[in-house]
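Numbering (the working numbering), first residue to last: 1 to 195. Structure first, commentary second.
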């Protein structure tokens, strides 16, 4: 079934494009949500007039997307997260969270346009892409760092564990020395008794 898109649909195309979709998708989703109209003669003529206006709107959207892409090139987001004992994050960094962080920087990017290829579950630096418009894609950097309070706590725990390990080693060494001295004394006593 041919329909004319009245809104930008990520998987299909931009406003004003005539696309071929299944009847169920058109009748149950696109048309009721006013994302498309049937591509019949009446709508086609109406769309031809509308197409001129849409061409201008599409050009404006593309220019806006290119502007956002230019802003995103130099962006580096730093996220502070809590980490488990094995170095993995509690939860993952999602496209929704990244969208909110970009919003704080004054860059509006819808969450559905941000593409997180593999789930971010560990500390480190990542390069994330955002498909802003057909043919306009931008990447930005995300640095996931450990919560400073948690890092301090982990450092204290590691220091305490190292001290405990050192004390245990010293105790074992002292016990070994005492055992060696006691063995030496008993061997001296047995040799003096034999003589």
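For every residue, glycine included, the Cβ atom is placed at its ideal position computed from N, Cα and C.
Around residue 123, the same chain offers 81, 83, 87, 89, 144, 145, 146 as residues with beta carbons nearer than 8 Å, after the five sequence neighbours per side are excluded.
For residue 48, the closest C-alpha among the options 32, 61, 62, 6 is that of 6. The beta carbon of residue 63 lies closer than 7 Å to none in the same chain, with the five residues before and after it left out. Under the rule that a run must span 3 or more residues, the beta strand (DSSP E) segments found entirely inside the region 15 to 43 read 18 to 20, 36 to 38.
DSSP, read as helix, strand or coil, puts residue 96 in helix. Excluding the 5 residues flanking it on each side, residue 75 has same chain C-beta neighbours closer than 6 Å at 140, in chain order. 130 is the residue among 102, 130, 104, 44 whose C-alpha sits nearest the C-alpha of residue 115. Taking all protein chains shown into account, residue 65 has 16 or more neighbouring C-beta atoms within 10 Å of its C-beta and is therefore buried. No Cβ-Cβ contact shorter than 8 Å links residue 28 with residue 4.
Around the beta carbon of residue 85, fewer than 16 other beta carbons sit within 10 angstroms, so the residue counts as exposed. Across the structure, residue 50 and residue 18 are spaced so that their CA atoms are roughly 13 Å apart.
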